[in-house]
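When we follow my numbering, the leftmost residue of the sequence shown carries the number 51, and every step to the right adds one. Virtual Cβ for every residue (Gly too), placed ideally from N, Cα, C. These notes are about the structure you will find just below.
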Amino acid sequence: MKYTKRFFASSPYLLSILHKDGIKKQFMSPSDKIKKQKFNDPLNEASFAKAKGLIHRYPDRVVLTVTNRCFGYCKFCFRKKNWFDFEGFDFEGAIDYLKQHTQIREVLISGGDPFFLNNAELEKILAAVRGIEHIEVIRIGTRVLSTNPMRINKETLSLLKKYKPIWIAIHINHPDELTLEFEQTVKDTVDSGIPVVSQTVLLKDINDNSEILKKLFCRLVYLGVKPYYLFGCDAATGNEKFRVSIEKALSVMDSLRGNVSGLCVPTFAFDLPNGGGKIVLEPQKLIKREKNRYKFVNFEHTEYDYEDI
Ligand SMILES: *Cc1c(COP(=O)(O)O)cnc(C)c1O
């Protein structure tokens, strides 16, 4: 039987900015209802789960989904399935798996939002992962700077500093998320010696526009954040109205590359269905090749010949 229920969570902070257009369109709000239906697993993560909450898809790194909870729920979330039927995180099983697989050198702590855990819960995971000799880097994927930046306070930062090298990958999609509180938290994090990169989802009628993205990426660089990925929106249940074509995505990328500092340009990537993994695409610059003679088109759309060795 189908029924709808309200699905909403927020922090006082997110509530205070939820009226802004660039925020409202992204997050579930109090009036949003969601059909309890069969949600898909667009990246087929289930088939790469080696323990509950451990996804091992690529040779040298794994993802830990340590919680299914967030301070705000994105309408285009690709792990919506976990909103309703999260299997949980098997801490012991995950740590055992990491110990046994010496090719793993990076652990991504994700979710949900890892900062939904309290510091004691987070420290238990960080300490165990850092205790494994072959794990070099810890990466935390989080939305918290946009949903509840106050969660990253002095205490949190001194906790993170104990387990360096830690990289933080923040999820941010729109300049409306760049509040004073956001910017202060980024500054405190970077000042603690924790590198911050950003991940942005390309979203129809929200940020699928080069002026909005330029503003976002250039401000992030100003704050000390390297824009890392611009992601195509995954075909998760309910995401139809947010998805942008690859052609449009590449035209947005084309208007960035060369026109703004290379620091401000992320890599465009999207995930193949059935667990095929990430595909990275750049606008096509090579227009012709005959043996070692190439023809390219530059960022100003002018054609140039290039004779290779
Ligand atoms: C995206 C992703 C990663 C990380 O890939 P990077 O290119 O290193 O950012 C790792 N595991 C899974 C399952 C992923 O989807």
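DSSP state of residue i mapped onto helix, strand, coil
i: F346; result: strand
i: Y53; result: With a pLDDT of only 45 at Y53, under 50, the local geometry of the prediction cannot be trusted, and the value read off the model is given with reservation. DSSP places Y53 in coil when its eight states are reduced to three.
i: L253; result: coil
i: G312; result: helix
i: K83; result: strand
i: F98; result: helix
i: K328; result: strand
i: D91; result: coil
i: D321; result: strand
i: I359; result: coil
i: T192; result: strand
i: F77; result: strand
Assigned exposure category for residue i - 16 Cβ within 10 Å defines buried
i: T352; result: exposed
i: N342; result: exposed
i: K52; result: Its pLDDT being 45, under 50, K52 is placed unreliably by the model, and the measurement read from it follows with that caveat. So K52 counts as exposed.
i: V330; result: exposed
i: G122; result: buried
i: I84; result: buried
i: P199; result: buried
i: F349; result: exposed
i: P109; result: exposed
i: H221; result: buried
i: K131; result: buried
i: A101; result: buried
i: N289; result: buried
i: Y363; result: Summary: the structure shown does not reach residue 363, with the chain confined to residues 51 through 359, and so no result is reported for it.
i: P323; result: exposed
i: L336; result: exposed
i: T197; result: buried
CB of residue i within 7 Å of CB of residue j, strictly
i: K75; j: I256; result: yes
i: R155; j: E183; result: no
i: V194; j: V179; result: no
i: G162; j: R119; result: yes
i: L210; j: I244; result: yes
i: F58; j: P80; result: yes
i: K254; j: V294; result: yes
i: P277; j: S305; result: no
i: L266; j: P225; result: yes
i: N94; j: T287; result: no
i: A219; j: F281; result: no
i: F134; j: F292; result: no
i: F139; j: G103; result: yes
i: A144; j: L114; result: yes
i: V240; j: P164; result: no
i: Y40; j: L176; result: The structure shown does not extend to residue 40, since the chain is modelled only from 51 through 359, so no value can be given for it.
Terminal residues of the beta strand (DSSP E) in which residue i lies
i: L336; result: L336 to E340
Unbroken alpha helix (DSSP H) run spanning residue i, endpoints
i: D226; result: Element bounds for D226: n/a, residue is neither H nor E.
i: S66; result: P62 to I67
Below-7 Å beta-carbon distance, residue i vs any chain D residue
i: I154; result: Protein chain content of the structure displayed is limited to a single chain, and chain D is not contained in it.
Taking only runs of the alpha helix (DSSP H) that begin and end inside the stretch 198–224, which ones reach a length of at least 4 residues, in chain order? Listed in chain order, they are 204–211.
Mind listing, in chain order, the continuous beta strand (DSSP E) runs of no fewer than 3 residues lying wholly within the stretch 105–186? DSSP runs (the beta strand (DSSP E)) wholly in the stretch 105–186: 111–115 and 156–160.
So within the stretch 238–304, which uninterrupted alpha helix (DSSP H) runs reach at least 4 residues, ignoring any that extend past its ends? Listed in chain order, the complete alpha helix (DSSP H) runs (minimum 4 residues) inside the stretch 238–304 are 260–273.
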